[in-house]
DNA sequence: AATTAAAGTGAGTAATCACTCATTTTGAAA
DNA sequence: TTTCAAAATGAGTGATTACTCACTTTAATT
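Residue numbers (the numbering used here), protein chains in the order written: chain A, 1 to 215; chain B, 1 to 215.
Okay, structure coming up:
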């Protein structure tokens with residue numbers, strides 16, 4: 001909760017929000033994530049935030065605008081850098097093998113992703129129902145992020161470390177694999193006994209021997 | 001729609017439902033899948049089904065009971081056989097390689113899965129919010145299905161065709177890979193230009209070279 | 001201290017929600 | 001044809017919904 005607030009501060013402080021406005025956002029994220037957008041009432045969010053219900057509608061014209069104003073900046077400001085960050089290090093040949101790169105990338109981002117999980121959950125829950133979010137997700141992920149990921153893939157392909165499958169397919173398979181692990185681990189079956197480090201290593205091994213060219 | 005109705009007939013005819021009861025189920029599936037459970041109103045479902053709203057509550061005590069009575073039998077009667085069906089053929093060594101088996105399995109089930117997509121969508125949408133469904137899913141998938149899948153995996157491992165990773169990890173990685181493809185293809189980014197057969201083949205190749213032992 | 005615009009309030013609104021129930025319709029057995 | 005239980009109805013229920021608005025509080029500037 002304290003680290004979550006740091007994340008939110010980092011994200012929203014440029015807009016210089018008041019204390020109550022921040023509380024509304026925190027309460028909305030918590031409620032949307034727990035019960036889903038449609039099942040969350042504005043009165044409940046107001047109560048949890050400790051503000052009057054009218055205060056929410058002073059800053060957001062509609063309930064949907066509250067949802068979008070939470071998820072949209074996360075997509076544009078946070079998720080893209082999260083995925084693409086430090087990719088220049090790869091291009092500078094800081095990692096000799098794809099395996100090393102994958103391990104470093106996943107380890108670096110895991111904690112952050114866990115803290116983001118409530119919002120990520122909201123994002124994927126609502127993308128099928130909110131065309132506005134779906135469009136934004138498509139513009140961001142399918143175009144920008146995939147382009148950056150593909151550059152890295154092509155770099156490794158030129159080094160002969162990856163199979164000759166088209167970069168967009170390799171990107172899809174690699175990214176969905178990591179997301180599938182996180183989804184299984186933290187959303188679908190969180191109560192199972194997981195050996196996190198071990199399963200991450202197995203996931204990397206699986207990805208690698210799927211896309212690693214055999215000598 | 002016609003094939004969907006066949007599926008539903010096959011699923012529910014043993015209960016000898018009336019015409020209106022079937023229409024309620026079809027309308028509920030359509031509405032839940034399009035708007036999500038919480039955003040779907042019983043009045044809308046009744047209207048779409050061409051029945052009075054009271055008729056719904058004659059057969060289902062609550063709205064949630066309607067949801068559960070749709071998803072639960074699908075999980076127990078349909079999804080388990082869908083995954084496990086014909087596994088004896090594998091154990092009878094009808095498929096020499098894992099690759100052949102995977103291809104046959106995916107091809108056989110793809111059409112059926114597509115027709116089931118609305119209900120599968122509802123299932124995964126609501127599992128995070130409905131403890132009743134989550135428990136049932138856990139009992140079914142984590143215990144029954146995984147056991148069957150693991151048997152097949154162990155069989156191939158004994159033939160020396162799979163790596164020595166623990167069967168439950170291989171099962172997780174293989175199943176989530178297939179589901180990830182279907183989710184990307186039909187839920188998340190359905191408007192992209194997909195070459196289905198080609199991407200299926202790439203997915204199989206990816207899975208195989210991830211779990212296939214190198215000679 | 002006075003001014004003022006923004007922030008915050010909470011009672012109020014019409015609409016919609018899931019659900020009830022007294023009544024009518026249906027369809028198959030007697 | 002009569003009977004009758006199950007099926008179906010739809011007007012009606014109180015609760016809750018997203019949202020409004022006239023008003024009060026806050027806080028920074030003059």
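Virtual Cβ for every residue (Gly too), placed ideally from N, Cα, C.
Comparing the C-beta of residue 202 of chain A with each C-beta of chain B, is any distance below 8 Å?
-> yes
* By DSSP, does residue 162 of chain B sit in helix, in strand, or in coil? -> strand
> DSSP on residue 3 of chain B, reduced to helix/strand/coil?
Replying inline: Note that residue 3 of chain B scores 46 on pLDDT, short of 50, meaning its location in the model is unreliable and no value can be drawn from it.
- Select from the stretch 158-174 of chain B all residues with a C-beta closer than 7 Å to any C-beta belonging to chain A, and list them in chain order. 165, 169, 172 and 173
Pick from A:202, A:101, A:144 and A:71: whose alpha carbon is nearest that of residue 166 of chain B?
A:202
Return the CA-CA distance between residue 188 of chain A and residue 128 of chain B, expressed in angstroms with no decimal places. 7 Å
### Message
Any beta carbon of chain B sitting closer than 8 Å to that of residue 147 of chain A?
### Response
no
Residues that residue 45 of chain A contacts on chain B, provided the C-beta gap is smaller than 7 Å: Per Cβ cutoff of 7 Å: no residues; residue 45 of chain A is ~15 Å from chain B at best.
Where does residue 62 of chain A land, buried or exposed, given buried means 16+ other C-beta within 10 angstroms?
exposed
request  = Compare the C-beta of residue 128 of chain B with all C-beta atoms of chain A and state if any pair is closer than 8 Å.
outcome  = yes
query = Excluding sequence positions up to five away, which residues of its chain have a Cβ less than 8 Å from the Cβ of residue 181 of chain A?
reply = 199, 200 and 203
>> Any C-beta of chain B within less than 8 Å: which residues of the stretch 57-86 of chain A qualify?
In response: none
Taking 8 Å as the threshold (beta carbon to beta carbon), is residue 199 of chain B in contact with chain A?
yes
My understanding is that residue 38 of chain A touches residue 66 of chain A, with C-beta atoms under 8 Å, so please give their C-beta distance in whole angstroms. Not quite, the Cβ-Cβ distance comes to about 13 Å (not below 8 Å), so this is no contact.
Could you pull out every residue in the same chain whose Cβ sits closer than 8 Å to the Cβ of residue 208 of chain A, ignoring the five residues on either side in sequence? 98, 99 and 102
> Any idea what DSSP makes of residue 95 of chain B, helix, strand or coil?
Replying inline: coil
| task | Taking only the alpha-carbon atoms, compute the straight-line gap between residue 107 of chain A and residue 169 of chain B and give it to the nearest angstrom. | result | 19 Å
In the structure shown, what three-state DSSP assignment does residue 129 of chain A receive? coil
**Report entry** Integer Cβ distance of residue 153 of chain B from residue 171 of chain B, believed to fall under 8 Å
**Finding:** 6 Å
is_contact[residue 152 of chain A, chain B] using C-beta, thresh 8 Å
no
Checklist line | As assigned by DSSP and simplified to three states, the class of residue 155 of chain A | finding: helix
- Are the C-beta atoms of residue 144 of chain B and some chain A residue less than 8 Å apart? no
Query raised in the report: Given a threshold of 16 other Cβ atoms within 10 Å of its Cβ, counted over all protein chains shown, does residue 147 of chain B qualify as buried or as exposed?
Result: exposed
Between which two residues does the alpha helix (DSSP H) harbouring residue 145 of chain B extend? Segment: none, residue 145 of chain B is in no alpha helix (DSSP H) and carries neither H nor E.
Handout entry: Alpha-carbon spacing of residue 117 of chain A relative to residue 123 of chain A, whole angstroms
Key = 10 Å
Practice task
Kindly indicate which residue of B:70, B:109 and B:193 has the alpha-carbon position closest to the one of residue 84 of chain B.
Solution key: B:109
* Boundaries of the alpha helix (DSSP H) in which residue 55 of chain B is found, first to last residue -> 53-59
field: Members of the stretch 25-50 of chain A near chain B, C-beta cut-off 7 Å
entry: 35, 36, 38 and 39
Margin query: Please report whether the beta-carbon of residue 102 of chain B lies at a distance below 8 Å from any beta-carbon of chain A.
Written below: no
Closer than 8 Å by beta-carbon distance: list the chain B residues that pair up with residue 189 of chain A, in chain order.
138 and 142
Using 8 Å as the limit for Cβ to Cβ distance, is residue 195 of chain B near chain A?
-> no
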